[in-house]
Every structure is written in C-alpha cells, then in structure tokens.
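Residue numbers (the numbering used here): 633 to 1205.
Heads up, the beta-carbon is just placed ideally off N, CA and C, and yes, glycines get one too.
This report refers to the structure that appears directly beneath it.
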Ligand code: FES
Ligand code: MG
C-alpha cells in the first residue's frame, strides 16, 4: 500500500510542542472537537462574499453548503474572506485591484494550515483574482462559480444585465425614456441573486474555469437561484477532500493544453475579450507560456455555437435549460485536447459524453454554427506594436475592413467633454481614438473601450463605429471596438502619437491596424512626445503603476508572475 502523504496542515496541528498547542488551542474557541486536528484534511473556503459585490451576495449561504460536503467527506472546513471586487461599484475600476485581490488570496492560502481550497467566485474579477492567487501556491483547488442571475423581463421583453446600460443614451435620446422608466428597468435587470446573465465577463470566467477543468462538470452554467447550484456546491465540498488525498494540485490540471481548451471554448460561446487578459495572467502564475498570438492561432477559426447576448439573443438561463456548457463541450470534442485532466480526475472530453441539447436555437452545432469564425482576432501594425484585440462576433461586418479619419480624445475626461459638441468634426466613417485608458494610464485599464457614439450620429441612426483604445470593454458590450492596444499611450506607444485627422486602416482579415503616416513623421512625433506625470505617489496604486505589465502580458504585476509554492519555513516563534 502507498504510504499516506503527510498533510500540510499537520505542520500546524500535528505538533506536540508549544506551537502545536497554540495553533490548535485558539481555533478551539469555536468549539471544534479535538479529532478535527488529528489528520482531517483542512479545507479553506476562500469566500469573495461581500455586500459591496452584489453578484456574490449569496456566497455566504453557499459556503455553508460547501461545508456540508467537506464534513461529509471527512474534511475540516475553515472559511476565510478575501478582498472582493464589485464590478459595478468599486472605483476607478475593479481591474486596478485584481492583482491586489490575488495577493490577498495567495498569502491567505500560503500562510494558513490548509490542505485544499474551494474558491467561491462570481463577479468578473473575483474568479481570475482568486485563481491567480491559488496558482501561485499550487494546492489542490476546486472552483465554485456563484452562477448567473435569472433572466429579467422589462415591459414584456427579455432583458440582460449589462445590455441595458449600453442603450441608455439611445433610449433617452430616441425613445424619450424618463427617470421613472429607468427606475423600473433597474429592478428588472437584476432579477435574482447571481452575476450578470449574459455571456459577459462573469459568465465567461465561469465557463473558462470549467473548460480549464477546475469545476465539477456542468457547474458553470447553472443559475445562482437554481437548487442544483447548491447541490453542486455541496458535491464540490465532498470532492475537494478526495482531491487532497489524491494530491490533485492545480499544476496537474492547468497544463498548456487546458489553456488551449479554454481558448477554444471561449470562442465557441462568444466569451468576453477580458478572458485574454485574465487567462494570460493565470498562465503566468502557473508557469505556462501563453502568448497573445495564441488566442488567435488557437481560437480565431473556432465557430460560434452559442446564441447568447452580447453576440446573440438569449441569456444564461436559456443556456442552462438548453443543456448548458456540457452540450458545447461535447460538440467541441473534436477540437479539444483529450488528455487534460479535470478536478473529478477524468479528462475534460470524457465528462460530457451524455450531454443532450434541448434547444438548438440557443446552442447550435459545428455543422450549422451561428458564425464560422468567432474567436478573438489579434491585430498587429504600427499602431499596436505588441498587439491589440477585437471580438469579431460582436463587431459589424461592414466595418471589418475600414479606413477612416481619427477623431482623438486624449483622456476619458476629454471624451466626456467633447463627444456631444454639436460642431465636433465627426461622421460615421470616423475612427474614435481614446488614449490614456491602459493599465498605467487610467490606472487599471477600465472597461471604457466601447464608448458611446456622439449624440448627433445616434439620432441619425448610426449604431456602430470603429473605436480604438488601450482600455478594455465589458463582456456585455458589443461593437467594432479595438481594445488592449499595446504598448499603451501612457508609456509612449504609437497610440499616444495619433493626431486628429490621421488616417487609420483596420483590416481584421489581414489582422492589420495601421496608422497611415510616414515613418519619418512617426519618428518626429516620438521624439516630441512627453510622458505624462504618474497618477499616484503612494500606496497600492503607486505600486501598481510602477509594476503593472502591459495588456498583452495579462496586466499582472511583474513581481507576481510565477509562484512560490506552499511551503513556509518559519513559524510564529
Ligand atoms: Fe458582477 Fe456583471 S457586474 S458580473
Ligand atoms: Mg465587467
């Protein structure tokens, strides 16, 4: 018989000395029996619950359900909070704090007597931040995705969380919506517990962790309010105890092939462009070499199978009733790597053999896809030397090859001030260029890339224009929006040098983004360019600005890339 591996937690609880006494004794104030400290796997439930993160507001209840499962399997559950990021509330942007939350997660795990980890996640950044942190420690880890909200209805029409925001200006200007109309819409949008119910970033992240193999199969698409969500949470609690016994660590699951599976799946579901940044950062933590170009080579030819907002018309609840992610993963099995292992110990493709599609209007097939090539396109050119991205499934076909004159905004404030000026020289063929919204520039790379069009063009019936920035875009938004331009304008990327009236050529098919000025002129502007003053002189924000990497590298802090393992040599005394 194989020798039982010594539990990591026994270094705390197994001691016969003073420190063993101290570690056990204080915890016992919560009434745990002494056998809890004698070789039960200790499972940390890392909870991103917070009332300031509405999408994760139900995770306190979920932790109790996870505990049930852990106890049943003979584990010892200990729940702990980590920094939680509420996408719709925290200023200036949740992305500024993703890396901070990941540090919190990493150190909370490493510093404590834990053998296995359950990550309770939901809203956009709460998934990547906790997964990144957990990767840098590399213990057996399972993810419990909090689940999307139920579909809302507003005046008889299905309404997605996040989709309404992008129509507010249009609704006000064209349909005369009043404050009372919007007040009514507010509660319709957020109909139940859970995160955004479109294939926005939160659903994209939940899909991503399942495709990576980090959740029980079928977990990610279940709505938060469905009883099966809790059932799966309980089963995850049971499973993590087994994973500790099997020593099924993150690094065994998160191989290069698992990352490629996640990229393929993201294309098929029409997932958010934010996946690029988060997946790259996660790969960096676990030591997998993932480049921006990989998203294009691995994913761009993958067809769109899912008819979900913002690329299509349905919502996550419909997706679940249609069979959910299992149907998509079964359909994709020809394209996916077969020998990646998941948290249940089986291969990804093996897990979904029994999936059945109940609604082909929601989930289509490889033979009849909604779009032939849906993955993210990575653009190159003198305007984005290290790359930029566009999500073709959310863009307008007629703008995919487009030449237009730049209308430049030097900052978000400049944009707000001038976009609706009646005499702004702009028409539907112009290219809106927004600077200063990259990782260092804002700071934190906010989701502002899909800026509203000028009022006068909206009133003319224009619905889309080419927009270019070094920022991100919400996963719930759509449009011909070029994002993540790298290097960003604040560090002197070519984007910083664009002037009003310059011609810009976008050719998505050729993957080209070109600023049509001579090399000599470009050089002249480079020499004349002056770096803006840093936006912070102290605190975390200063550290962030000093150390954040560019978007093409995942916008992690340079010193956080990689991991330090789970070992801590020194004790309290
Ligand atoms: Fe939390 Fe959309 S705001 S998921
Ligand atoms: Mg978002």
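- Within the same chain, no residue comes within 8 Å of residue 1093 by CB-CB distance, once the 5 residues on both sides are set aside.
- Annotation: residue 1013 to residue 1127 spans about 11 Å, alpha carbon to alpha carbon.
- In this structure, the CA atom of residue 1145 is about 28 Å from the CA atom of residue 1053.
- By the CB criterion at 7 Å, residue 889 and residue 972 fall inside the cutoff.
- Residue 964 and residue 1036 have their alpha carbons spaced roughly 38 Å apart.
- In the same chain as residue 1198, and ignoring 5 residues on each side of it, the C-beta atoms closer than 7 Å to its own belong to 640, 742, 769, 770 and 771, in chain order.
- A straight-line Cα-Cα distance of about 43 Å links residue 1068 and residue 970.
- Less than 7 Å separates the beta-carbon of residue 656 from that of residue 645.
- Taken through DSSP and simplified to helix, strand or coil, residue 896 comes out as helix.
- At least one heavy atom of the ligand FES lies less than 6 Å from the C-beta of residue 834.
- Per DSSP, the beta-bridge partners of residue 750 are 677 and 774.
- Per DSSP, the beta-bridge partners of residue 1016 are 1013.
- A distance criterion of 6 Å places the beta-carbon of residue 827 in contact range of the ligand FES, judged by its closest non-hydrogen atom.
- By the neighbour-count criterion, in which 16 or more other beta carbons inside 10 Å mark a residue as buried, residue 881 falls on the buried side.
- Taking the C-beta atoms as reference points, residue 784 is found no nearer than 7 Å to residue 755.
- By the Cβ criterion, the segment 978-989 is not in contact with the segment 1080-1088, since fewer than three pairs of Cβ atoms, one from each stretch, lie closer than 8 Å.
- In this structure, the alpha-carbon of residue 1102 lies about 7 Å from that of residue 1118.
- As for any beta strand (DSSP E) of minimum length 3 sitting wholly inside the segment 1006-1073, the runs are 1009-1013, 1016-1022, 1033-1041 and 1063-1066, ordered along the chain.
- Out of 1163, 1178 and 1164, the CA that lies nearest to the CA of residue 1170 is found in 1178.
- Here DSSP, grouped into helix, strand and coil, assigns residue 789 to strand.
- Its Cα nearest to that of residue 817, the residue 787 stands out among 787, 1150, 638 and 894.
- At least one heavy atom of the ligand FES lies closer than 6 Å to the C-beta of residue 719.
- Judged by their CB atoms, residue 865 and residue 698 are nearer to each other than the 7 Å cut-off.
- Taking a C-beta distance under 7 Å as the contact criterion, residue 852 and residue 902 do not qualify as a contact pair.
- Here the alpha carbons of residue 1061 and residue 1040 stand approximately 14 Å from one another.
- By the beta-carbon neighbour count (other beta carbons within 10 angstroms, threshold 16), residue 1205 is exposed.
- Judged by DSSP secondary structure, residue 650 falls within the alpha helix (DSSP H) whose first and last residues are 650-659.
- For residue 985, no pairing in a beta bridge is given by DSSP.
- Taking the Cβ of residue 755 as the reference point, at least one heavy atom of the ligand FES falls within a distance shorter than 6 Å.
- The continuous beta strand (DSSP E) containing residue 1101 extends over residues 1098-1101.
- Residue burial is scored here from C-beta neighbours: residue 1148 has fewer than 16 other C-beta atoms within 10 angstroms and is therefore classed as exposed.
- If you compare the alpha carbons of 858, 791, 873 and 957 with that of residue 708, the shortest gap goes to 873.
- A direct Cα-to-Cα measurement between residue 1063 and residue 1090 gives close to 15 Å.
- The secondary-structure analysis by DSSP pairs residue 708 across a beta bridge with 674.
- Considering only 702, 994 and 950, the residue with the shortest C-alpha distance to residue 748 is 702.
- Residue ranges of uninterrupted beta strand (DSSP E) with 3 or more members, entirely inside the segment 1134-1168 and ordered along the chain, are 1135-1139 and 1144-1147.
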